[in-house]
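Asks:
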Amino acid sequence: MKTQRTVDGAPTPESPDPSPVPSPVVPQRSARRATARRASSRRATARQHKDDVEGRIVEYVKEHPHSTTGDIAKGLNASRDAIAEGRSHIVRASDVSKD
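For any residue, its number in the numbering used here is found by taking its place in the sequence shown, counting from 1, and adding 2.
1) Just to confirm, are Glu56 and Ile92 a CB contact at a threshold of 8 Å?
2) My output table needs one value for His68: the three-state DSSP class, helix, strand or coil.
3) With a threshold of 7 Å on Cβ separation, who are the neighbours of Asp53 within its own chain once the five nearest residues in sequence on each side are excluded?
4) By the DSSP assignment, the alpha helix (DSSP H) with Asp83 in it spans what residues?
5) Does Asp73 come out as helix, strand or coil in the three-state DSSP assignment?
6) Note down the Cα distance separating Arg35 from Lys76, rounded to an integer number of angstroms.
7) Gly88: buried (16+ other C-beta within 10 angstroms of its C-beta) or exposed?
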């Protein structure tokens, strides 16, 4: 680099080479918290989109009164475990029997 002279003839001091500015480092905790917030909003959205299995079971049983858990699962295209759980909730919440 060529040295420039000032008005009085003295050389100007060299300026340091501009070094690349490093991007700010995100602390680990902050990144984890951001991920947790995104996951939390995804879970909330999934809960809103979750259909009412128990309501579907009640409607199906009204139309098919003597159906088994397996029959209901096939009819509603759901897992047998989800249907069994839904039926248990319905029985506990009301006077309906499993029979």
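In this text, a Cβ means the ideal position worked out from N, Cα and C, and glycines have one as well.
Note that this is a predicted model, so its numbers are computed, not measured.
Replies: Looking at the atomic coordinates:
1) Result yes, Cβ atoms of Glu56 and Ile92 sit closer than 8 Å.
2) The DSSP-derived three-state label of His68 is coil.
3) The beta carbon of Asp53 is closer than 7 Å to none in its chain, skipping five residues each way along the sequence.
4) Note, Asp83: alpha helix (DSSP H), Arg82 to Ala95.
5) Correct three-state label for Asp73: helix.
6) Their Cα atoms are separated by approximately 41 Å.
7) Per the 10 Å Cβ criterion, buried.
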